[in-house]
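Sequential numbering of the sequence shown, starting at 4, is according to our numbering.
Just so you know, even glycine gets a beta-carbon here, dropped at the ideal spot from N, CA and C.
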Amino acid sequence: MGVAVVELEDELKLGDEISIEGKTTNFKQKVESMQIEHKPIEIARAGDSIGLKVNEKVREGDKVYKIIS
4 MGVAVVELED ELKLGDEISI EGKTTNFKQK VESMQIEHKP IEIARAGDSI GLKVNEKVRE
64 GDKVYKIIS
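Here it is in structure tokens:
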């Protein structure tokens, strides 16, 4: 488990399903915890830079996609 810094292009909420993909990264998870400047948040908006709790190793340049069902 770790934290990824993510710059958002769209809204993200706790409970949203995301996919994290890169050269050697490929996994899905629910958004369980997000922070802005070390303060917990429930909703992040486009343009926000957030800390996102991740369940697996992520690397610089990996992409985060919100899964819309």
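Nearest to residue i (by Cα), restricted to the options the options
i	options	result
S13	V6, T28, G50 and N58	As written in the sequence, residue 13 is Asp, which differs from the Ser given in the question. Comparing Cα-Cα distances from D13 to each of V6, T28, G50 and N58, the minimum goes to G50.
Q38	L15, V67 and G64	L15
I46	D19, V57 and E59	D19
I53	G25, V34 and T28	V34
Start-to-end residues for the beta strand (DSSP E) that takes in residue i
i	result
A7	G5 to E10
S22	E20 to E24
S52	S52 to V57
V61	Careful: V61 lies outside any beta strand (DSSP E) and carries neither H nor E.
Alpha carbon of residue i to alpha carbon of residue j, nearest angstrom
i	j	result
M4	N58	4 Å
L17	I70	13 Å
T77	K42	The first residue shown for the chain is 4 and the last is 72, placing residue 77 beyond what the model contains.
K66	S36	18 Å
R62	S22	14 Å
K31	R48	21 Å
With 16 other Cβ atoms within 10 Å as the buried cut-off, status of residue i
i	result
V8	exposed
I'd like the ranges of any beta strand (DSSP E) spanning at least 3 consecutive residues and lying wholly in the region 23 to 50. 29 to 33, 37 to 39 and 42 to 44
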